[in-house]
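Residues 1075 to 1527 in the working numbering are what the sequence shown spells out, letter by letter. Report on the following structure.
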Amino acid sequence: MSVDVHADIERIFEEVARRNPGEAEFHQAVREVLSSLGAVLDKHPEYRRMKMIERICEPERQIIFRVPWQDDHGRVHINRGFRVEFNSALGPYKGGLRFHPSVNLGIVKFLGFEQIFKNALTGMPIGGGKGGADFDPKGRSDAEIMRFCQSFMTELYRHLGEYTDVPAGDIGVGGREIGYMFGQYKRITNRYESGVLTGKGLSWGGARVRPEATGYGLVFFVAEMLAARGESLRGRTVVVSGSGNVAVYAVEKAQQQGARVLACSDSSGYVVDEDGIDVALLRQVKEVERARLSAYAERAPRARHVSTGAGGASVWDVPCEVALPCATQNELDRDAAEQLVRNGCLLVAEGANMPTTVAAVQVLREAGVAFGPGKAANAGGVATSALEMQQNASRDSWTFEHSEQRLAEIMRDIHARCFEAAEEYGGPGDYVLGANCAGFVRVADAMHDLGLI
C-alpha cells in the first residue's frame, strides 16, 4: 500500500467515526474492511477519485421508528425499531431482522455494512441491509410476540417490497416471527407478495434448507478451506459456540462430514460431550424445551456442563482442531484466541457476524491459524434466502437435495472468490483480505456503472 493511499484510508475512517459517534461496532466493521483495501486502491485509483469508499460507508437510508404494543396484562410497552437500507447497487436490500435488547443503530449499521460485502460474495443480485428492534422475545407469550410483530410491521411495511427491501430472520426472529410479520404485511397491502420476506414456512412460500443454510454453509466453507490445504474434516475435533439455529446445523453437518463436535455453549455455560454432541438431544433441549444446556448434560452419558458464571471458563478452553464461533459479535477475544493457539487449533471460521475481536483475529493470523471471516463463511444463509426469492418469483419449489446442492456450489464459489482475490491483492491464503477485496470490487464496479449514486 502506498503512503498516500494509507493516509487516505485513515482519513476516511476518521471521518466515518466522526460522523457516526458512539457506534463502536460499526466503527470496528468499517476499520476491518478498510484495512484490506490498500492494494485495491493502488490498482484502481478511479475508486479514490469517485470517493467509492466514502459512498459505501454511508447508508442510502436509515429508518428509526416507534413500536408500541400491549402485553397480556394490558400494559403498554414502547420499543424502537430500525431498518438500515445500506446499499442497493447489486439488487434489493437484503438482510435480517434482529429482536434483542442490545439492538441499537450502531449494531444495525455494523450488521448492514457487513451484509453489503457478504451478499456481494454470493454472486447473487442482492444489496445489503439490516434491521430489528430492542425488543426481547424471551419469556413473552405467542400472543405478545404476535402483537409486537404486527406493530413492528405496521410501520416497516411501507419501506419493503420484493424489488425494494427483503428482510429475513436473525437473532430472536425465527419462523414464528416471520409468519406474524408476513401476515400483517399481507393484511395491510392486500397482496400475497411472498418474496418480500424470506425464512417463511414451507407451506406458504418458504424454501427447503433455509433453516439449515447458515450452519451447513459454514461447514461447506470450512471443508473448502481445508481442501485448499490438502486436508479434510474427517476425524477432526470441533468446538462450536452457541446452541441456536446456526450452531445446531453446523454441529449436524460437521458430524455428517466425519468430524467429532466436542462442545457447544449458551449464555449459562457450555457442555462437553466426549462421544460427540448428540444433535437430536441438543435440538430437543434447545428448540423444543427451550432449556439450558445443563439439561443436555443430565441426559447424555459422557457429557458434563461447565458454568461460565464464575472462574472465567470459556467454551474455547476445550482443545480442538477447528473452532466455529456461532453465537454473537465479539465473543472470541484475544485471551480465547491465545488459548485456541496453545491447544493446537488449526482453523477458525465465523458462523456468527463478527464474533471474533480485532485483537483475536490478529493473534490467529500471526499464529498461522486459517481464519474464515463471517462475511464469507456464514453467507450460506443469505444465499439460500436469495434462492427462496428465486422460487417465489417463479412460483416453484425445489427438493431438499437440489437446494443443498445449490448451497454447496455457492459456498465453493465464495471460497474461490476469496482465495483468488487474496492471491491477486498480495495475501495468498488470507481470507479476510480476499473476502473484503472481492466483495468491495463487485459493489464498487456496480456503483461505477450506475453513475453517481
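Cβ coordinates follow ideal geometry from the N, Cα and C atoms, glycine included.
Query: Return yes when the Cβ of residue 1328 is within less than 8 Å of the Cβ of residue 1307, no when it is not.; Result: yes
Query: Determine, using beta carbons only, whether residue 1134 and residue 1161 come nearer to each other than 8 Å.; Result: yes
Query: Can residue 1207 and residue 1153 be called in contact, C-beta distance under 8 Å?; Result: yes
Query: Please classify residue 1119: does DSSP put it in a helix, a strand, or coil?; Result: helix
Query: Which full runs of the alpha helix (DSSP H) of 4+ residues lie inside the region 1117 to 1163, going along the chain?; Result: 1119 to 1123, 1126 to 1131
Query: Out of 1293, 1150, 1175, 1436, which has the shortest C-alpha to C-alpha gap to residue 1212?; Result: 1175
Query: Would you mind giving the Cβ-Cβ distance between residue 1173 and residue 1247, rounded to the nearest angstrom? I have them listed as a contact below 8 Å.; Result: 5 Å
Query: Could you check whether the region 1252 to 1264 touches the region 1418 to 1426, counting it as contact only if at least three pairs of C-beta atoms, one from each stretch, sit closer than 8 Å?; Result: no
Query: Who are the Cβ neighbours of residue 1270 in its own chain at under 7 Å, not counting the five residues just before and after it?; Result: 1234, 1235, 1236, 1240, 1259
Query: Which first and last residues belong to the beta strand (DSSP E) in which residue 1335 is found?; Result: 1334 to 1340
Query: Does the distance from the CB of residue 1466 to the CB of residue 1288 come in under 8 Å?; Result: no
Query: Measure the Cβ-Cβ separation of residue 1426 and residue 1273 and say whether it is below 8 Å.; Result: no
Query: According to the Cβ coordinates, are residue 1107 and residue 1510 closer than 8 Å?; Result: yes
Query: Give the straight-line distance between the Cα atoms of residue 1446 and residue 1116, rounded to the nearest whole angstrom.; Result: 25 Å
Query: Considering only residues of the region 1346 to 1420, which uninterrupted beta strand (DSSP E) runs meet the minimum length of 3 residues and lie entirely inside it, listed in chain order?; Result: 1377 to 1381, 1396 to 1399
Query: DSSP three-state label for residue 1533, please.; Result: Residue 1533 cannot be examined here, being either before or after the span of the chain that is shown, 1075 to 1527.
Query: Under the rule that 16 or more other beta-carbon atoms within 10 Å means buried, what is residue 1436, buried or exposed?; Result: exposed
Query: Just the Cα atoms here: how many angstroms apart are residue 1048 and residue 1471?; Result: Because the chain in this structure spans residues 1075 to 1527, residue 1048 falls outside the shown range and cannot be described.
Query: Does DSSP classify residue 1076 as helix, strand or coil?; Result: coil
Query: CA-CA distance, residue 1180 and residue 1488?; Result: 27 Å
Query: Whose CA, out of 1448, 1444, 1196, lies closest to the CA of residue 1402?; Result: 1448
Query: On a CA-only basis, which of 1525, 1474, 1485 is nearest residue 1284? Give me that one, please.; Result: 1474
Query: Within its chain, find whatever has a CB closer than 7 Å to the CB of residue 1196; leave out the 5 residues flanking it on each side and keep chain order.; Result: 1453, 1456, 1457, 1460, 1484, 1488
Query: Smallest Cα separation from residue 1335: which of 1089, 1145, 1293, 1087?; Result: 1293
Query: Does the beta-carbon distance from residue 1366 to residue 1340 come in below 8 Å?; Result: yes
Query: Tell whether a beta-carbon distance below 8 Å holds between residue 1374 and residue 1352.; Result: yes
Query: Apart from the five residues just before and just after residue 1337, which ones in its own chain have a Cβ nearer than 8 Å to its Cβ?; Result: 1313, 1314, 1344, 1345, 1346, 1347, 1351, 1389, 1392, 1394
Query: If you count every other CB in all the chains shown that lies within 10 Å of the CB of residue 1496, and 16 or more means buried, which is it?; Result: buried
Query: Quick one: is residue 1286 buried, meaning 16 or more other Cβ sit within 10 Å of its Cβ, or exposed?; Result: buried
Query: Exposed or buried, residue 1125, counting other C-beta atoms within 10 Å across all chains shown (16 or more means buried)?; Result: exposed
Query: Terminal residues of the continuous beta strand (DSSP E) containing residue 1207?; Result: 1201 to 1207
Query: Kindly indicate which residue of 1507, 1095, 1092, 1516 has the alpha-carbon position closest to the one of residue 1111.; Result: 1507
Query: Spell out the partners DSSP gives residue 1242 in its beta bridges.; Result: 1170
Query: Could you tell me the distance, in whole angstroms, from the CA atom of residue 1083 to the CA atom of residue 1118?; Result: 14 Å
Query: Considering only the alpha carbon of each residue, which of 1504, 1523, 1505, 1500 lies closest to residue 1114?; Result: 1500
Query: To the nearest angstrom, how far is it from the Cα of residue 1514 to the Cα of residue 1522?; Result: 12 Å
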